[in-house]
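Chains as they are written, first to last, in our numbering: chain A, 609 to 761; chain B, 24 to 524.
Backbone N, C-alpha and C define an ideal beta-carbon position, used for all residues, glycine too.
Computed from a predicted structure; not experimentally measured.
Reading through the structure tokens given below for one structure.
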């Protein structure tokens with residue numbers, strides 16, 4: 609058979625080996641027990657080995673007869689901005705309060721699109737903040753302060 | 024007459040004003056996300072799940088179910104009008120439905136889809152009501168070994184949910200199982216893989232996993248290639264099918280319903296399989312084969328009925344065995360558990376109002392869907408003009424608020440990021456997220472029943488093969504695995520899924 613290397617296959621297999629292996633190493637730190645009374649480490653150990661083995665299989669298959677998948681480009685800007693927006697929300701929603709945290713998160717997220725104009729972004733962010741406040745705080749009675757203690761309220 | 028009593032109980036529950044209201048909200052949202060390409064029912068249910076925690080259990084489940092089958096309905100509108108299936112099972116509908124729209128017959132195509140779905144939904148709801156109780160009685164006999172084998176079977180069959188290579192789907196399933204082990208061990212209370220973080224003792228929240236894998240990862244995929252959606256949607260007029268059309272759709276609707284009701288029971292993407300099979304059957308038995316692909320109304324009626332029937336009967340494994348057949352069902356398992364109900368054969372006896380109320384609500388939901396879809400078709404057409412630049416910030420914002428409100432725990436929001444990125448890379452490498460989510464939800468069940476079976480049998484693993492039901496289930500799992508790996512069948516599967524793109 610013709611050798612077809614497939615980068616996505618090797619990468620996917622690598623991730624499975626890494627994660628499966630990490631769980632295997634971790635589970636060795638817990639009691640394994642006996643077949644009769646399995647300890648907390650036994651099941652993750654077995655499944656971790658299985659995942660790592662499947663990962664190895666995928667890597668080998670990827671080196672010999674890989675699946676041809678177009679990996680495509682990665683939208684770095686979107687990855688960075690969306691990560692930042694979500695972390696910002698988790699980090700500040702208690703301190704800044706619902707309204708500022710939502711507004712900044714929404715604004716950051718709109719910037720993930722490479723074709724957005726600033727005016728559109730601000731309008732969308734404002735609209736979503738109002739909608740979010742109405743739906744979650746007014747409508748669903750989510751117990752979160754609108755303005756948080758960091759702002760002196 | 025027990026059935027009638029039960030249905031009466033169901034309707035008296037489902038017709039309570041708040042239940043009808045949330046059923047309506049559910050099917051409305053479902054239709055909306057079905058119509059809009061780029062946001063699916065899984066992400067929607069995951070986002071809305073935290074909100075439903077304050078509801079009565081039956082109300083919450085009625086609404087979540089409504090989103091699921093509403094999305095099947097809405098998907099066909101987009102497929103017919105702009106040739107973009109909003110939901111994977113609507114891909115077949117696009118073949119002939121869009122062709123009809125181009126010939127100026129969008130109205131009859133939409134009406135056929137709606138009528139077919141309604142008839143199919145009605146018949147399948149009755150099938151669900153008849154088939155579920157006996158199955159639940161069988162399932163009550165199951166002990167830990169049977170449950171272990173059953174869960175394993177469900178997981179293996181879910182490979183069918185994924186396109187692409189079977190080995191990757193298997194790896195995704197067991198990675199999900201592995202992630203499910205994070206948190207306190209059920210038997211000894213030992214915290215596992217928590218890195219000393221108190222927030223992780225309860226395990227990773229499955230809402231974070233679902234929102235990350237189905238919401239964030241999907242958005243990143245869509246942002247790879249931004250293009251303006253060409254929404255050149257013509258006016259829809261003459262909704263009613265002609266007398267000739269009506270004569271031609273009766274057969275396909277009934278056959279599609281039968282096929283869909285039967286295939287929907289299979290765990291793992293039964294509705295997609297159902298619509299493809301129905302299309303193939305209609306094409307084969309039609310006297311006008313040359314019309315298929317060029318706007319044959321049978322090609323809309325059959326698959327649409329099939330996928331809606333399957334959407335109803337896919338609740339059978341969930342309600343009788345506690346096994347989810349679709350990622351949305353996996354989330355509904357979570358909803359059951361949050362409300363203190365273990366999904367499975369006991370639901371029907373312990374919570375008859377919930378069980379029959381949910382079934383009755385599906386029929387009410389189908390009536391609401393017809394009302395929503397035919398007279399209001401103009402509104403849905405207009406919704407297709409919402410630009411993606413508004414849509415995805417909305418998903419991200421509402422997802423973070425929803426996930427945060429799960430337990431007012433910032434950690435759940437960070438977990439979205441983690442699973443979004445992991446999911447994105449894995450999806451790019453040709454791994455589908457659905458099997459991982461099923462593995463994540465079912466993993467703890469798998470472990471619990473394995474360990475319980477071993478304790479009861481004094482460490483003798485042969486019990487899985489000596490108990491007949493367990494042995495049969497394991498044999499089926501093995502057969503499913505062989506079928507998924509065999510190249511000939513895999514090729515056919517790939518063919519089915521390339522049409523799906």
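Counting only runs of at least 3 residues, the stretch 221–246 of chain B fully encloses no beta strand (DSSP E) element at all. The contact set of residue 433 of chain B on chain A, defined by CB atoms closer than 8 Å, consists of 698, 699, 701 and 702 in chain order. A Cβ-Cβ separation of about 11 Å leaves residue 452 of chain B out of contact with residue 195 of chain B under the 8 Å criterion.
Proximity of the stretch 200–212 of chain B to the stretch 638–648 of chain A meets the contact definition, three or more beta-carbon pairs being nearer than 8 Å. Using beta-carbon distances, residue 197 of chain B counts as an interface residue toward chain A, with a partner under 7 Å.
Ranking B:359, B:344, B:189 and B:325 by CA distance to the CA of residue 160 of chain B puts B:344 first. For residue 475 of chain B, the secondary structure class from DSSP, reduced to helix, strand or coil, is helix. Of all residues in the stretch 652–683 of chain A, only 652, 655, 656, 658, 659, 662, 663, 665, 666, 669, 675, 677, 679, 680, 681, 682 and 683 come within less than 8 Å of chain B when Cβ atoms are compared, listed by chain position. Of the candidates B:320, B:146, B:203 and B:191, the residue whose Cα lies closest to the Cα of residue 466 of chain B is B:203.
At a beta-carbon threshold of 9 Å, the residues of chain B lying near residue 627 of chain A are 198, 201, 202 and 445, ordered along the chain.
Per DSSP, reduced to three states, the secondary structure at residue 144 of chain B is helical. Listed in chain order, the positions of the stretch 622–648 of chain A with a beta carbon within less than 8 Å of a beta carbon of chain B are 623, 624, 627, 628, 631, 634, 635, 638, 639, 642, 643, 644, 645, 646, 647 and 648.
By the criterion of a C-beta distance shorter than 6 Å, residue 753 of chain A is surrounded in its chain by 705, once the five residues flanking it on both sides are discounted. The stretch 355–411 of chain B contains, as complete alpha helix (DSSP H) runs of 4+ residues, the segments 370–373, 375–396 and 400–406 (chain order). Distances from the CA of residue 690 of chain A to each of B:69, B:240 and B:388 were compared; the closest alpha carbon is that of B:240. By the Cβ rule, the stretch 34–53 of chain B counts as touching the stretch 72–89 of chain B, because three or more pairs are nearer than 8 Å. For the stretch 484–496 of chain B, the beta-carbon criterion of a distance under 9 Å to any beta-carbon of chain A is satisfied by 484. Secondary structure of residue 270 of chain B (DSSP, three-state): helix. Residue pairing by DSSP places residue 641 of chain A opposite A:646 in a beta bridge. Of the candidates A:720, A:755, A:745 and A:681, the residue whose Cα lies closest to the Cα of residue 703 of chain A is A:755. By the neighbour-count criterion, in which a residue is buried when 16 or more other Cβ atoms sit within 10 angstroms of its Cβ, residue 373 of chain B is exposed. As the crow flies, the alpha-carbon of residue 156 of chain B is around 13 Å from that of residue 27 of chain B.
Note that the stretch 119–131 of chain B touches the stretch 318–334 of chain B; at least 3 beta-carbon pairs, one per stretch, sit closer than 8 Å. Closer than 8 Å at the C-beta level to chain A, one finds these residues of the stretch 393–421 of chain B: 411, 412, 413, 415, 416, 417, 419, 420 and 421. Taking 7 Å as the cut-off, the Cβ atoms of residue 87 of chain B and residue 56 of chain B do not count as close. Interface flag for residue 719 of chain A against chain B is unset, since no Cβ pair is found closer than 7 Å.
Around residue 736 of chain A, the same chain offers 710 and 714 as residues with beta carbons nearer than 8 Å, after the five sequence neighbours per side are excluded. Nearest neighbour of residue 696 of chain A by Cα position, chosen from B:228, B:302 and B:436, turns out to be B:436.
Nearest CB-CB separation between residue 440 of chain B and chain A: below the 7 Å threshold. The beta carbon of residue 208 of chain B sits closer than 7 Å to some beta carbon of chain A. In the structure shown, residue 480 of chain B adopts coil according to DSSP, grouped into three states.
Distance from the CA atom of residue 395 of chain B to the CA atom of residue 141 of chain B, rounded to whole angstroms, is 12 Å. Under the three-state reduction of DSSP output, residue 740 of chain A falls in the helix class. Inside the stretch 112–144 of chain B, DSSP marks whole alpha helix (DSSP H) runs of 4 or more residues at positions 114–125, from first to last along the chain. Looking at the backbone, the Cα of residue 651 of chain A and that of residue 747 of chain A are separated by about 44 Å. Near chain A, meaning a CB-to-CB distance below 9 Å, the residues of the stretch 464–486 of chain B are 466, 469, 470, 473, 474, 477, 478, 480, 481, 482, 483 and 484.
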